[in-house]
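Novice:
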């Protein structure tokens, strides 16, 4: 179960490959390290909730052997390891996906925001001799000459993005997109790929007239079984409107890394302040 979503219910003819799932999870553990904070330099051991996401994303296969999931919406609050997880997904696709000529992009409303995920990925590559030896890292790109593949940073000046042939897209902070142009341009750029992957990883927004709210609403309907789409992976960690924001159970429901990267006493103080300053 992933944030109230059960992949098996809509699997149809798709099958779960434990071998492929464990290969992806193992890549994080064996090839990637944390690059910031107290865990810097240590192996990237996925938390259980992260394993569930990565296992589903790369373990579920269609009858023809291609990946089941082509699009994912992952909503998690700040400080739950969003950028680190995004970087790992991008690097797994860059180094482990067998397709030749891969084009992987980090996208965001602003280039500085898009660079956050890329910079973490670049630091991960620098820390791992095998990855470093099989690639070249530039200011805003990582290139793997053997497969003719690259990982680059893009920002929201979408008019310059026509002509791309994206295989994997990591959309960081989708809620910050001022319009849908970059999303639409990048989505259409994957049309020639056999098994493209678009991953939107974002914190919650408040604008209901936005591309993020549109994708979130779609994700909710897929999660709840209102829409049948076996290629869409909906992951929403959030409190419901009826939940008590002062209750620790609500904090845990919305923050899968509570007690790991987020301290409970911090949320307790924030909840107390929110109650006093509505």
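In our numbering, the protein residues as written are 1 to 278.
Heads up, the beta-carbon is just placed ideally off N, CA and C, and yes, glycines get one too.
Measure the CB-CB distance between residue 72 and residue 199 and report whether it falls below 7 Å.
Specialist: Taking the chain shown and counting its residues from 1, the one referred to as residue 72 is at position 72. Taking the chain shown and counting its residues from 1, the one referred to as residue 199 is at position 199. Contact: yes.
Novice: How many Å lie between residue 317 and residue 210 at the Cα?
Specialist: As displayed, the chain neither begins before 1 nor continues past 278, which places residue 317 out of reach and without an answer.
Novice: Return the first residue and the last residue of the alpha helix (DSSP H) that residue 92 is part of.
Specialist: Translated into the one-based positions of the chain shown, residue 92 becomes position 92. Looking at the DSSP string, the run of the alpha helix (DSSP H) that includes residue 92 is 82-96.
Novice: Drop a sphere of 10 angstroms on the beta-carbon of residue 45, count the other beta-carbons inside from all chains shown, and report buried for 16 or more, exposed for fewer.
Specialist: Position 45 of the chain shown, counted from the start, is the residue given in the question as residue 45. Per the 10 Å Cβ criterion, exposed.
Novice: Using the C-alpha atoms, what's the distance from residue 256 back to residue 47?
Specialist: As a position in the chain shown, residue 47 is number 47, starting the count at 1. As a position in the chain shown, residue 256 is number 256, starting the count at 1. In a straight line, the C-alpha of residue 47 is about 9 Å away from that of residue 256.
Novice: How far does the alpha helix (DSSP H) with residue 54 in it extend, from its first residue to its last?
Specialist: Reading the chain shown from its first residue, position 54 is the one you call residue 54. Its alpha helix (DSSP H) spans residues 48-59.
Novice: Can you tell me which residues form a DSSP beta bridge with residue 73?
Specialist: Reading the chain shown from its first residue, position 73 is the one you call residue 73. Residue 73 pairs with 200 and 234.
Novice: Starting from residue 260, trace the beta strand (DSSP E) both ways and give me its first and last residue.
Specialist: As a first step, residue 260 is located in the chain shown; it is residue number 260 there, counting from the start. No beta strand (DSSP E) holds residue 260; DSSP gives it neither H nor E.
Novice: Is the beta carbon of residue 173 less than 7 Å from the beta carbon of residue 113?
Specialist: Here residue 173 refers to the residue found at position 173 when the chain shown is read from its first residue. Here residue 113 refers to the residue found at position 113 when the chain shown is read from its first residue. Contact flag set, yes.
Novice: Relative to the C-alpha of residue 208, which candidate in 216, 201 and 202 has its C-alpha closest?
Specialist: Here the question's residue 208 lines up with position 208 in the chain shown. Among 216, 201 and 202, the Cα nearest to that of residue 208 belongs to 216.
Novice: Check whether the segment 246-254 and the segment 21-38 touch, using three or more Cβ-Cβ pairs below 8 Å as the test.
Specialist: no
Novice: Rounded to whole angstroms, what is the Cα-Cα separation between residue 14 and residue 202?
Specialist: Along the chain shown, one-based indexing puts residue 14 at 14. Along the chain shown, one-based indexing puts residue 202 at 202. Their backbone Cα atoms lie some 27 Å apart in a straight line.
Novice: Would you mind sorting residue 67 into buried or exposed? The rule is 16 or more other CB atoms within 10 Å of its CB.
Specialist: Walking along the chain shown from the start, residue 67 turns up at place 67. Burial call: buried.
Novice: Here's a check: name, in chain order, each residue in its chain whose Cβ is nearer than 8 Å to the Cβ of residue 223, leaving out the five neighbours to either side.
Specialist: If you number the chain shown from 1, residue 223 lands on position 223. Excluding sequence neighbours, residue 223 sits near 3, 4, 5, 234 and 236.
Novice: Enumerated in chain order, which unbroken segments of the beta strand (DSSP E) with a length of 3 residues or greater are wholly contained in the segment 106-158?
Specialist: 141-144 and 149-154
Novice: Rounded to whole angstroms, what's the CA-CA distance from residue 31 to residue 84? Just pull it up for me.
Specialist: Here residue 31 refers to the residue found at position 31 of the chain shown. Here residue 84 refers to the residue found at position 84 of the chain shown. Between residue 31 and residue 84, the alpha-carbon positions lie close to 13 Å from each other.
Novice: I'd like to confirm the pairing. Which residues does DSSP put opposite residue 168 in its beta bridges?
Specialist: For the purposes of this step, residue 168 is identified with residue 168 of the chain shown, where counting begins at 1. Looking at the DSSP assignment, residue 168 forms a beta bridge with 104 and 197.
Novice: In three-state terms, what does DSSP make of residue 226?
Specialist: Sequence index remark: in the chain shown, residue 226 carries index 226 (1-based). Note: residue 226 maps to coil in three-state DSSP.
Novice: Start and end of the alpha helix (DSSP H) containing residue 30?
Specialist: Your numbering for residue 30 matches position 30 in the chain shown. 18-31 is the span of the alpha helix (DSSP H), which, as asked, contains residue 30.
Novice: Assess contact between the segment 138-147 and the segment 95-115, defined as three or more Cβ pairs (one per stretch) separated by less than 8 Å. Is contact present?
Specialist: yes
Novice: Provide the residue(s) that pair with residue 15 in DSSP beta bridges, ordered along the chain.
Specialist: Here residue 15 corresponds to residue number 15 of the chain shown, with the count starting at 1. Its beta-bridge partners are 61.
Novice: Hey, residue 167 and residue 196 are a contact pair by Cβ (cut 8 Å); roughly how many whole angstroms apart?
Specialist: Residue mapping note: residue 167 aligns to position 167 of the chain shown, counting from 1. Residue mapping note: residue 196 aligns to position 196 of the chain shown, counting from 1. Residue 167 to residue 196, Cβ: 6 Å. Contact.
Novice: Between 261, 228, 229 and 271, which lies nearest to residue 249 when the distance is taken from Cα to Cα?
Specialist: For the purposes of this step, residue 249 is taken as the residue at position 249 of the chain shown. Nearest of 261, 228, 229 and 271 to residue 249, Cα basis: 271.
Novice: Between residue 229 and residue 37, what straight-line distance do the alpha-carbon atoms span, to the nearest angstrom?
Specialist: Translated into the one-based positions of the chain shown, residue 229 becomes position 229. Translated into the one-based positions of the chain shown, residue 37 becomes position 37. Cα-Cα distance, rounded: 38 Å.
Novice: Tell me the DSSP bridge mates of residue 279?
Specialist: There is simply no residue 279 to check, as the chain begins at 1 and stops at 278 in what is shown.
Novice: Rounded to whole angstroms, what is the Cα-Cα separation between residue 164 and residue 57?
Specialist: In the chain shown, residue 164 corresponds to position 164, counting from 1. In the chain shown, residue 57 corresponds to position 57, counting from 1. In this structure, the straight-line span from the alpha carbon of residue 164 to that of residue 57 is close to 23 Å.
Novice: Is the beta carbon of residue 261 less than 7 Å from the beta carbon of residue 79?
Specialist: Your numbering for residue 261 matches position 261 in the chain shown. Your numbering for residue 79 matches position 79 in the chain shown. Cβ atoms of residue 261 and residue 79: closer than 7 Å.
Novice: What three-state label does DSSP hand residue 218 in the structure shown?
Specialist: If you number the chain shown from 1, residue 218 lands on position 218. Residue 218: helix per DSSP, three-state reduction.
Novice: Straight-line CA distance for residue 218 to residue 266?
Specialist: For the purposes of this step, residue 218 is identified with residue 218 of the chain shown, where counting begins at 1. For the purposes of this step, residue 266 is identified with residue 266 of the chain shown, where counting begins at 1. If I take the Cα positions, the gap works out to 32 Å.
Novice: Out of curiosity, what's the CA-to-CA distance linking residue 126 and residue 132?
Specialist: Taking the first residue of the chain shown as position 1, residue 126 is located at position 126. Taking the first residue of the chain shown as position 1, residue 132 is located at position 132. Whole-angstrom Cα-Cα distance: 6 Å.
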